[in-house]
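Below is one structure, written out as structure tokens; the observations come after it.
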Amino acid sequence: MDTGTLCEPIALDPASSVRVERVLRPAGSSAPEPFPHFHEPAELIWFARAEGSVATEWGTLPIADGTLLFLPAMTTHDFRLAAGATEWVLVHCDAALGYESLATAQAIRPDAAVAARLAAGFDWLAALAEAPGRAADVLALTRLLLKELPGTAPQAETTAAGRSLHRLRPALDLVAGADFRLVTIEEAAARCHLSPSYFSRAFARAFGVGFAEYARAYRLRAAARSLTTEGARVSDIAWRSGFQTPSHFTAAFRKRFGVSPSDFRRRYLAGR
């Protein structure tokens, strides 16, 4: 079940310091909703099939079929992928893997020979990650794939989108640190040293979604995570997530994820 990436530390396998996920979206899929976020592990992503871009604090980087993307730890980013079939392998990796020279976000499109090698490597990595007892192999292969990046990348040209991400980052930090607590637009604007009206316009322009909607989506994603990691009752999760009633929470959750909270938990546990 896909709950999206939360703006919080992501649990990594302590044996490999790596988390691997293959993402497949079928033809006819709508474009993913904008969701600016950041997390402690770095990201290494092989886009076998995708079109769009990713806005980062260093600028906006293009994404197309056969793109290798690296995002350093704690980098604020927002994927803007087109509708339709997409396929990529996402790798969250700990600093223990030794990628200190990769200090900025970068995206490369290698030639056909290298792209074929990368495609095979990421397919193998995804298969190894699902096999028991292969954590050491996952770690070793991830290290090799990181070496395909050109080292310290030239500083990307800072675009307006990149400057907006950097300037509005304190608001994202505030939502992430508040956990389930409701964060007002006044609080977020003050954290960014902006007036509420200017902050509201700047946030919507930068991220394609209003701050209140973003904060609400974040709380729903956090609630989805709680449903899969805790045994708390759905009503308890609803109230601490800032919803006035469990029925209000259920309606919002169903609209966001397509299933009720109870069904979401049941499907997750069955799949696991």
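Using my numbering, you'd call the opening residue of the sequence shown number 99 and step up by one each time. Don't be surprised by glycine CBs; every beta carbon is placed ideally from N, CA and C. Computed from a prediction, not measured in an experiment: that's the story for all the values here.
Count the other CB atoms within 10 Å of the CB of residue i; is the residue buried (16 or more) or exposed (fewer)?
i: S345; result: exposed
i: R319; result: buried
i: A210; result: exposed
i: E155; result: buried
i: A269; result: buried
i: L367; result: exposed
i: T174; result: buried
i: A162; result: exposed
i: T343; result: exposed
i: H291; result: exposed
Compare the Cα-Cα distances from residue i to each of the options and report the closest residue.
i: R363; options: A125, T327, H190; result: T327
i: R289; options: V273, R299, A304, R303; result: V273
i: R365; options: L325, R354, K353; result: L325
i: R303; options: R117, S128, P134; result: P134
i: R66; options: D192, F145, P230; result: A question about residue 66 goes unanswered here, because the residues of the chain that appear run from 99 up to 370.
Ignore the nearest five residues each way along the sequence and tell me which others in residue i's own chain have a CB closer than 6 Å to its CB.
i: V357; result: none
i: K353; result: none
According to the Cβ coordinates, are residue i and residue j closer than 8 Å?
i: A321; j: S339; result: yes
i: V118; j: V187; result: yes
i: F347; j: F355; result: no
i: V189; j: L142; result: yes
i: R323; j: F278; result: no
Below 7 Å CB to CB, which residues in the same chain sit around residue i once its five sequence neighbours on both sides are set aside?
i: R123; result: A183, T184
i: H264; result: E155
i: G306; result: P132
Q: Check whether the stretch 199-214 touches the stretch 159-168, counting contact only when three or more Cβ pairs, one atom from each stretch, lie closer than 8 Å.
A: yes
Q | Given 8 Å, three or more beta-carbon pairs between the stretch 142-154 and the stretch 176-191 | A | yes
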